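J.:
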Amino acid sequence: MKFFVDTADVAAIKELNDLGMVDGVTTNPSLILKSGRDIAEVTKEICDLVDGPVSAEVVAEKADDMIREGKHLAKIAENITVKVPLTWDGLKACRVLSDEGYMVNVTLCFSAAQALLAAKAGATFISPFIGRLDDINLDGMDLIADIREIYDNYGYETEILAASIRSVSHITDAAKIGADVITAPPSVIKAMANHVLTDKGLAQFNADWAQTGQKIG
Ligand code: E4P
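Taking the working numbering, the leading residue of the sequence shown gets 12, the next gets one more, and so forth.
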């Protein structure tokens, strides 16, 4: 499973990237706002740091404008993936950009029907939003399973990029279903290392070791 980091925080990306845990990055207008940085500047910095795809999102609503913005963003670096919303215009932009060789991430996907359209429009990635579905008492993970089944039925190569991840179990559940990629905030990826029994076991080992009076090295 590929790990993308869902942030425009360069220091946080670097920490995970140095561990070899970053296969790509996703950003969106809200994450750019949170970073307080200029989109071109921060995106370039991220692209220089990370080898894999870095999603940069268009903000236009009409297909022609999305295509123009997407091509502008793609000039930032070779590993830019143009992120377009799952609207009819977004699908049109996806078709054109994908036919011209650009990587395209179709975002804001909330149904299997939308995901099927994105695959037919040539999307490189489809981003179903798990957490936001959970927020309205639907099951985001059901959507990941439905898309996996549909894409496998027909051999679509569009990669399922499970997004809007809020917890460690979102990541493991998406992995069990067979999502190709997850994108998660750095804090959630780091939380994967935590277990109460690890903490408890370590405390016991440390206490016992202190009683030996020994030193290593
Ligand atoms: C990723 O591409 C999405 O923009 C992101 O995962 C959305 O997450 P959120 O629902 O926590 O804002």
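Every residue, glycine too, gets a C-beta built ideally from N, C-alpha and C.
It should be emphasised that the depicted structure is a prediction, and the values quoted were computed from it without experimental measurement.
Take A67 as the anchor and find which of A22, V117, K187 and D145 has the nearest alpha-carbon.
T.: For this step, residue 67 is matched to residue 56 along the sequence shown. The shortest Cα separation from A67 among A22, V117, K187 and D145 belongs to V117.
J.: Who sits around ligand 1, taking every residue whose Cβ is closer than 6 Å to one of its heavy atoms?
T.: Working through the chain, the matches are D17, T37, N39, T118, S138, F140, G142, R143, A174, S175 and T194.
J.: Between which two residues does the alpha helix (DSSP H) containing M114 stretch?
T.: Reading the sequence shown from its first residue, position 103 is the one you call residue 114. Segment M114 to C120 is the beta strand (DSSP E) holding M114; no alpha helix (DSSP H) there.
J.: What span of residues does the alpha helix (DSSP H) with V179 cover, start to end?
T.: Position 168 of the sequence shown holds residue 179. From DSSP, the alpha helix (DSSP H) with V179 extends over V179 to I188.
J.: Assuming S66 is part of the beta strand (DSSP E), what are its boundary residues?
T.: Against the sequence shown, residue 66 aligns to sequence position 55. S66 -> beta strand (DSSP E) spans V65 to E68.
J.: Is the separation between the beta-carbon of I161 and that of D191 shorter than 8 Å?
T.: As a first step, residue 161 must be located in the sequence shown, where it is residue number 150. As a first step, residue 191 must be located in the sequence shown, where it is residue number 180. No, the Cβ-Cβ distance between I161 and D191 is not below 8 Å.
J.: Rounded to whole angstroms, what is the Cα-Cα separation between A214 and Q222?
T.: Walking along the sequence shown from the start, residue 214 turns up at place 203. Walking along the sequence shown from the start, residue 222 turns up at place 211. Cα-Cα distance, rounded: 13 Å.
J.: Should V207 be labelled buried (16 or more other beta-carbon atoms within 10 Å of its own) or exposed?
T.: Working through the sequence shown from its first residue, we reach residue 207 at position 196. Under this definition V207 is an exposed residue.
J.: Taking 7 Å as the cut-off, is the CB of L128 close to at least one heavy atom of ligand 2?
T.: The model depicted lacks ligand 2 and carries ligand 1 instead.
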